[in-house]
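Participant: The sequence shown maps to residues 1 to 279 in the UniProt record's numbering.
Yeah, the Cβ is synthetic: ideal placement off N, Cα and C, and Gly gets one too.
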Amino acid sequence: MKLNLAARGHDLSHVQTVDDLAKKASQQNISTLQLALSRSFPTLSADGQAINAGMGQYMKNILAKEGISVGILSCYINMIHPDLSVRETVLHQFERYLQYAASFGATMVATETGSVSEAGYTEENFSDEAFLQIVEAIHRLVRAGEKHRMMVGIEPGLNHPLYSLDRVAELVAMIDSDYLGIILDPTNLINAKNYHQQVNLVEEAFERFGEKICGLHMKDYIVSNEEEIIPVNLGTGMIDYEAIVNIAQKHRPYLYIVLEETKDDALKQGVIMLEQVTE
Numbered sequence: 001m002k003l004n005l006a007a008r009g010h011d012l013s014h015v016q017t018v019d020d021l022a023k024k025a026s027q028q029n030i031s032t033l034q035l036a037l038s039r040s041f042p043t044l045s046a047d048g049q050a051i052n053a054g055m056g057q058y059m060k061n062i063l064a065k066e067g068i069s070v071g072i073l074s075c076y077i078n079m080i081h082p083d084l085s086v087r088e089t090v091l092h093q094f095e096r097y098l099q100y101a102a103s104f105g106a107t108m109v110a111t112e113t114g115s116v117s118e119a120g121y122t123e124e125n126f127s128d129e130a131f132l133q134i135v136e137a138i139h140r141l142v143r144a145g146e147k148h149r150m151m152v153g154i155e156p157g158l159n160h161p162l163y164s165l166d167r168v169a170e171l172v173a174m175i176d177s178d179y180l181g182i183i184l185d186p187t188n189l190i191n192a193k194n195y196h197q198q199v200n201l202v203e204e205a206f207e208r209f210g211e212k213i214c215g216l217h218m219k220d221y222i223v224s225n226e227e228e229i230i231p232v233n234l235g236t237g238m239i240d241y242e243a244i245v246n247i248a249q250k251h252r253p254y255l256y257i258v259l260e261e262t263k264d265d266a267l268k269q270g271v272i273m274l275e276q277v278t279e
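1. Thinking D220 and N200 are a contact (beta carbons under 8 Å), I'd like their distance in whole angstroms, please.
2. Determine the contact status of E260 and R8, defining contact as a CB-CB distance below 8 Å.
3. Provide the residue span of the beta strand (DSSP E) that contains S38, from first to last.
4. Helix or strand or just coil, what does DSSP make of A119?
5. Near D47, which residues of its chain fall below 6 Å by C-beta distance, leaving aside the five closest residues on each side in sequence?
6. Tell me which residues share the same chain as H81 and place their Cβ nearer than 6 Å to its Cβ, disregarding the 5 neighbours each side in the sequence.
7. D128 by DSSP, collapsed to three states: which one?
8. Taking a contact to mean a Cβ-Cβ separation below 8 Å, would you say A192 touches E170 in this structure?
9. Any idea if N188 is buried or exposed, counting beta-carbon neighbours within 10 angstroms, 16 or more meaning buried?
10. Whole alpha helix (DSSP H) runs in the region 38-117 with 4 or more residues, listed along the chain?
11. Cα-Cα, which of H251, P231 and N246 is closest to K263?
12. Specify, as a first and last residue, the run of the beta strand (DSSP E) that N4 falls within.
13. To the nearest angstrom, report how far apart G56 and N225 are at their CA atoms.
14. Given that a residue counts as buried once 16 or more other Cβ atoms are within 10 Å of its Cβ, and exposed if not, what is H196?
15. Output needed for residue 292: all residues of its chain with C-beta closer than 8 Å, excluding positions within five of it in sequence on either side, in chain order.
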């Protein structure tokens with residue numbers, strides 16, 4: 001069974017225009033993108049006020065000339081920003097992305113949850129209060145997704161309020177909507193002590209809430225001497241990508257499998273490696 005592979009647009013370097021992105025993706029045998037507008041095109045005004053249907057259709061048409069489509073539109077926000085005015089601004093931005101995502105050809109809009117601290121990591125993220133804040137924010141975004149018929153893809157991570165499979169299961173139970181999806185990045189949920197259990201973690205995730213998993217990030221890594229998880233190009237690290245791909249194919253055939261932190265010319269080799277898994 002063939003894989004439905006994608007790459008992040010901002011893992012392709014030295015991109016100035018949509019034409020550049022289309023050509024570079026095609027050169028790496030990439031046909032589907034997870035596109036974060038502000039990261040691929042830093043000079044483009046792509047906030048909640050600027051994004052529009054014309055922008056989406058223009059990019060969709062240019063990418064299509066090279067056989068490229070946008071599967072996932074990313075709108076990375078801190079949905080629980082401690083400044084409530086900033087929080088309102090970014091939630092509104094995400095709602096606007098949901099409104100116009102279809103014009104890009106996307107099937108979902110994706111984000112992480114963010115942090116209750118502007119500084120990033122804080123143990124306060126692991127509190128029930130922080131979790132309830134993301135539930136409230138995601139519930140709002142999912143309502144907008146239902147209105148525009150666009151899925152909301154939420155990515156868990158160790159340092160965020162959505163830091164474990166238990167928390168994801170709680171979220172799914174609390175927000176009963178077909179428009180809530182989970183983007184599973186198993187490398188975001190491991191540390192130097194439990195990385196040996198990564199494949200088991202993936203299997204458990206698919207068994208517990210597999211029907212909600214709408215994308216899988218494939219991010220290879222090494223463990224540094226300082227016991228940090230360091231992303232590397234696929235095939236140069238420790239991830240058991242074969243086992244993880246086979247789990248995804250068993251539970252969710254043709255799920256988006258997105259290469260992450262595999263950059264530029266390494267993408268083509270990564271695609272070859274992943275496609276060989278199912279031959």
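Facilitator: On the basis of the coordinates in this document:
1. Start at 1 with the first residue of the sequence shown, and residue 220 comes out as number 220. Start at 1 with the first residue of the sequence shown, and residue 200 comes out as number 200. About 18 Å separates the two Cβ atoms, so there is no contact after all.
2. Along the sequence shown, one-based indexing puts residue 260 at 260. Along the sequence shown, one-based indexing puts residue 8 at 8. The answer is yes: Cβ separation under 8 Å.
3. Position 38 of the sequence shown, counted from the first residue, corresponds to residue 38. First-last for S38: L37 to S40, but that is the alpha helix (DSSP H), not the beta strand (DSSP E).
4. The residue you call residue 119 lines up with position 119 of the sequence shown. Here DSSP, grouped into helix, strand and coil, assigns A119 to coil.
5. Position 47 of the sequence shown, counting from 1, holds the residue named residue 47. Excluding sequence positions up to five before and after D47, its CB lies within less than 6 Å of the CB of Q93, all in the same chain and listed in chain order.
6. In the sequence shown, the residue the question calls residue 81 occupies position 81. Closer than 6 Å at Cβ, skipping near neighbours: R87.
7. As a first step, residue 128 is located in the sequence shown; it is residue number 128 there, counting from the start. Three-state DSSP puts D128 in a helix.
8. Indexing the sequence shown from 1 puts residue 192 at position 192. Indexing the sequence shown from 1 puts residue 170 at position 170. Against a cut-off of 8 Å, the Cβ pair of E170 and A192 comes out as no contact.
9. As a first step, residue 188 must be located in the sequence shown, where it is residue number 188. It is buried - the Cβ of N188 has at least 16 other Cβ atoms within 10 Å.
10. Given a length threshold of 4 residues, each whole run of the alpha helix (DSSP H) inside the region 38-117 is given here in chain order: 53-64 and 84-104.
11. The count along the sequence shown starts at 1 and reaches residue 263 at position 263. P231 is the residue among H251, P231 and N246 whose C-alpha sits nearest the C-alpha of K263.
12. If you number the sequence shown from 1, residue 4 lands on position 4. Note, N4: beta strand (DSSP E), N4 to R8.
13. The residue given as residue 56 occupies position 56 in the sequence shown. The residue given as residue 225 occupies position 225 in the sequence shown. If you take the alpha carbons of G56 and N225, they lie about 44 Å apart.
14. Indexing the sequence shown from 1 puts residue 196 at position 196. Exposed, by the Cβ-count rule.
15. Within the shown structure, residues of the chain are numbered from 1 to 279, placing residue 292 beyond reach of any answer.
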